[in-house]
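Colleague:
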Amino acid sequence: MHEVSLMQTTLDIACDHAAQQGAQHIHWIKLRVGELSGVIPEALTLAFEIVTTGTMAANARLEVETVPVICHCSACYQDFQPTGWVYVCPTCHQFTTDLRQGRELELTAMEVS
Amino acid sequence: MCEDCGCSAGSVQIHQGHDPQPNKTTTSLEVPTPSVRHLDLHAKILEHNDRIADQNRALFHQQGWLVVNILSSPGSGKTALIERLAQDQRNNWQIGTIVGDLATDNDAHRLGHAGVSAVQITTGTACHLEASMVSHALSKLPSKPWDLLVIENVGNLVCPAAFDLGEQIRVVVLSVTEGEDKPQKYPAMFKSAQVVLINKTDIAEAVGWQRDLAIANLQQIAPQATLFEVSARTGAGMHAWYAYLDQCRQGLNGPLSRSQNSQVLQIGRLSSN
Ligand SMILES: Nc1nc2c(ncn2[C@@H]2O[C@H](COP(=O)(O)OP(=O)(O)OP(=O)(O)O)[C@@H](O)[C@H]2O)c(=O)[nH]1
Ligand SMILES: [Zn+2]
Ligand SMILES: [Zn+2]
Ligand SMILES: [Zn+2]
């Protein structure tokens, strides 16, 4: 879907940071991608190859860290990792919509020279 | 945090001189450089979109417009629902629309015929609307004291979920021809909805729509959403949806933010008229 434009944005951010460091090359970048971010990691890898061709990130590696969903139960004040897409507290069986983690889409690290 | 030395202070961390990936591939043309640096960042990739969405939201709030973002698969009836809304409410609300489509401006024409001001955003290759496109479209919309601004997103149940446009209400349309398990297949989309409209109920029986199963699925995947069963074709069930919009308009001074609004599922009854 829109992974190519997302990776283009990511590459722009990465190139800005690299340029600020006076660097010429990007060796690898690392992303954190939430399970609920709506992005498919495999598609990101392909998109990364497409958008980096001929740039300072040509041949760079992409590392994707998947971030699992963590919910909060308002009845028993605990965080839990749901199994599947139904977010129900394992202790009191209440449904929750309170998400503490899982929508991330972040550039967290890179290596330049 | 850097796996090498564990440092994590500040938003950008630089490590001179050590290389956490000693086996990386370098081309032979590359001049060996001692200044391999590792940067720790916290850059949100959608930060630019989120910032413009916040600007949109501030504008909507300041103008007192209720703004609704409608999402669904292609053909669920987004345009038909807006046409029906425009006809039914023409004497009550001043309604503006912004329509996203990959290639044509057919939807804007249809809405124009229904008597609403419509601005078409032709997205080309983009499969979703972004906050900047809405912000741009706003400049083409005639300036009126809108009661309601309806944004029809691109027909797609995947990526529009990730793009905040600044709307107060996100509506996901599920039509009875699409299958009862749509919420399970596209959880990110349904979990982001304040409202789910089940559309085309006029043909529910003909297509063997399993209503109880579909509602149970929605209650599990999207317990935050308010649900209405409607038909854009016959107008059935629409008044409950209009009453909800009216309530939201009254409550504009205490804005519904996307994270605050966590109501229990209410089922809009199918009307018999
Ligand atoms: N029977 C019936 N048909 C409907 C209803 N709502 C829409 N349709 C039909 O479904 C088809 C698609 O409707 P549209 O309003 O164009 O759907 P859309 O979601 O705007 O489509 P895209 O903009 O292409 O994503 C049209 O043929 C409509 O007449 C309904 O409530 N009942
Ligand atoms: Zn609990
Ligand atoms: Zn349409
Ligand atoms: Zn998209």
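If you read the sequences in order, they're chains A and B. Residues in the first sequence are numbered consecutively from 1, following the working numbering. Residues in the second sequence are numbered consecutively from 114, following the working numbering. No residue lacks a Cβ here, since even glycine has one placed at the ideal position from N, Cα and C.
#1: Could you please give the first and the last residue of the uninterrupted beta strand (DSSP E) stretch that includes Leu194(B)?
#2: If you measure from the CB of Thr95(B), is any heavy atom of ligand 3 nearer than 6 Å?
#3: Going along the chain, which unbroken runs of the beta strand (DSSP E) with 3 or more residues stay wholly within the segment 201-254 of chain B?
#4: Mind pulling the chain B residues with CB within less than 7 Å of Phe95(A)?
#5: In chain B, which residues lie with their C-beta within 7 Å of the C-beta of His2(A)?
#6: With a 10 Å radius around its C-beta and 16 neighbouring C-beta atoms as the bar for buried, classify Ser141(B) as buried or exposed.
#7: Say yes only if the C-beta of Gln21(A) is nearer than 6 Å to one or more non-hydrogen atoms of ligand 2, and no if none qualify.
#8: With DSSP collapsed to three states, give me the class of His352(B).
#9: Identify every residue that forms a DSSP beta bridge with Asn182(B).
#10: By the 8 Å beta-carbon criterion, what residues does the segment 34-55 of chain A contribute toward chain B?
#11: Among the residues of its own chain, which have a CB less than 6 Å from the CB of Leu262(B), if the five just before and after it don't count?
#12: What does Ala19(A) touch in chain B if you count any residue whose Cβ is under 8 Å from its own?
#13: Taking C-alpha atoms, which residue in Gln175(B), Leu215(B), Asn219(B) lies nearest to Glu196(B)?
#14: Assess contact between the segment 223-238 of chain B and the segment 184-204 of chain B, defined as three or more Cβ pairs (one per stretch) separated by less than 8 Å. Is contact present?
#15: Determine the direct distance from the alpha carbon of Val284(B) to that of Asp277(B), and round the result to whole angstroms.
#16: Scan the segment 187-211 of chain B for residues whose Cβ lies nearer than 9 Å to a Cβ of chain A and list them as they occur along the chain.
#17: What span of residues does the alpha helix (DSSP H) with Thr53(A) cover, start to end?
#18: What does DSSP give as the partner residue(s) for Ile328(B) in the beta ladder?
#19: In chain A, what lies closer than 8 Å to Val149(B) by C-beta?
#20: Going by the beta-carbon positions, is the gap between Gly38(A) and Val271(B) smaller than 7 Å?
#21: Nearer than 6 Å: is that true of the beta carbon of Thr339(B) relative to any heavy atom of ligand 2?
#22: Any chance the CB of Lys191(B) is under 6 Å from a heavy atom of ligand 1?
#23: Looking at Leu353(B): is its Cβ nearer than 7 Å to the Cβ of Ser305(B)?
#24: Hey, would you say the C-beta of Gln81(A) is under 6 Å away from at least one heavy atom of ligand 2?
#25: So is Pro91(B) in contact with chain A if we call contact Cβ pairs under 7 Å?
Modeller: Taking the coordinates as given:
#1: Looking at the DSSP string, Leu194(B) is not in any beta strand (DSSP E); the run it does join, the alpha helix (DSSP H), is 191-201.
#2: Look at the range of chain B in this structure, 114 to 386, and you will see that residue 95(B) is not part of it.
#3: 208-214, 230-235
#4: Pro336
#5: Ala239, Cys240, His241, Cys272
#6: Here the model assigns Ser141(B) a pLDDT of 48, short of 50, so the residue's position is not dependable and the matter cannot be decided.
#7: no
#8: helix
#9: Ile264(B), Arg283(B)
#10: Leu36, Ser37, Gly38, Val39
#11: Trp178, Val180, Gly209
#12: Chain B residues near Ala19(A): none, gap ~12 Å exceeds 8 Å.
#13: Asn219(B)
#14: yes
#15: 13 Å
#16: none
#17: Unbroken run through Thr53(A): none, as it is neither H nor E.
#18: According to DSSP, Ile328(B) bridges with nothing at all.
#19: His27, Glu111, Val112, Ser113
#20: yes
#21: no
#22: yes
#23: For clarity, residue 353(B) is Ala in the given sequence; the question names Leu instead. No, these two residues do not count as a Cβ contact at 7 Å.
#24: no
#25: Nothing in the structure corresponds to residue 91(B), since chain B is present only between 114 and 386.
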